[in-house]
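Numbering (our numbering) for the sequence shown: 101 to 320.
Before any comments, here is the structure.
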Amino acid sequence: MSGKISIVISAYEEEKMIGSVIEGLKKEGYTQIIVVDDASEDKTAQIARSKEVKVIQHDQNRGLGAAIQTGLEEARKQNADIAVTFDADGQHNPKDIKRLIEALDGADLAVGVRDRRKMPLNKRLGNYALDVITHFLGGPLTDSQSGFRALGPNALEKIRIKSDRYSVSSEIMIQAKKKDLKLRTIPIEGIFTEYSKASGTTIASGIRIFFDLLRLKIFL
């Protein structure tokens, strides 16, 4: 699939990585980059602005879901045909974006699936449990917690996020299935550095996500 591509990065306290993440994206030719800073107290927004990308700052910390909502709304305002959500912690390889977008040929939503065997144990268990819960609540059984997704025009129009927190990842998958969006997955490289291991889904955050999803289920 071809068209105008917006890269959406939700960031909170990511001053150590945000600069190199943006540089990596630009090196691959992606220039329409939206960074949503979720009220970081460090220099995340300042560093992102120095890289000459669109930066939107929340005036208070609202959570991952709210940051992705803001980023997707900006992508729509920019008349993007495709929006790619991309983690700010350096976990994703920008070279994989091309394959992710190619997977949208005949699909509405493409998700990059990580090799669980390479995940730290606490993340592996947390992600597996949330995949099962997401499937139980109506989503597909895949890497539901992957933050690396490409939304084609249909998904960008139909998926409207309600969750403010980490349950957003599962919510997107559940909405996709309920709205009959065609999903494709591709294997991707998950870059698990000591820094990226400290972020993302753990068993504790998985429990919080579970209760968030139960509260959301009635609205999905």
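Note that the Cβ used here is the ideal one computed from N, Cα and C, for glycine as well.
query                                                                                                                           : result
Residue from K126, G129, I286, G119 with nearest C-alpha to R149                                                                : G119
Under the three-state DSSP convention, the category D189 falls into                                                             : coil
Secondary structure, beta strand (DSSP E): runs of 3+ residues fully inside the region 134-158                                  : 154-157
Span separating the alpha-carbon of V184 from that of G206                                                                      : 17 Å
Burial state of P194, where buried means 16 or more other Cβ atoms lie within 10 Å                                              : buried
Contacts around V155, its chain only, beta-carbon distance under 7 Å, and the 5 residues preceding and following it disregarded : V135, D137, A145, A148, R149
DSSP state of L200 mapped onto helix, strand, coil                                                                              : helix
Opening and closing residue of the alpha helix (DSSP H) in which L125 lies                                                      : 118-127
Beta-carbon contacts of K258 that lie in its chain and below 6 Å, excluding the five residues immediately before and after      : K279
DSSP bridge partner residues for S110 (one or two, in chain order)                                                              : V136
Beta-carbon contacts of Q160 that lie in its chain and below 6 Å, excluding the five residues immediately before and after      : A139
The beta strand (DSSP E) enclosing G212, as first and last residue numbers                                                      : 209-213
Burial state of E174 (16 or more Cβ within 10 Å)                                                                                : buried
Integer Cβ distance of I105 from H192, believed to fall under 8 Å                                                               : About 15 Å separates the two Cβ atoms, so there is no contact after all.
Boundaries (first-last residue) of the alpha helix (DSSP H) holding A80                                                         : Past the edges of the chain, shown from 101 to 320, lies residue 80, and the structure says nothing about it.
Start-to-end residues for the alpha helix (DSSP H) that takes in I286                                                           : Looking at the DSSP string, I286 is not in any alpha helix (DSSP H); the run it does join, the beta strand (DSSP E), is 283-287.
CB contact flag (I261, I133, <9 Å)                                                                                              : no
Where the alpha helix (DSSP H) through A276 begins and ends                                                                     : 268-278
Exposed unless 16 or more other CB atoms sit within 10 angstroms - verdict on R214                                              : buried
Exposure label - T170; buried when at least 16 CB within 10 Å                                                                   : buried
Bridge-paired residues (DSSP) for A250                                                                                          : V184, A210
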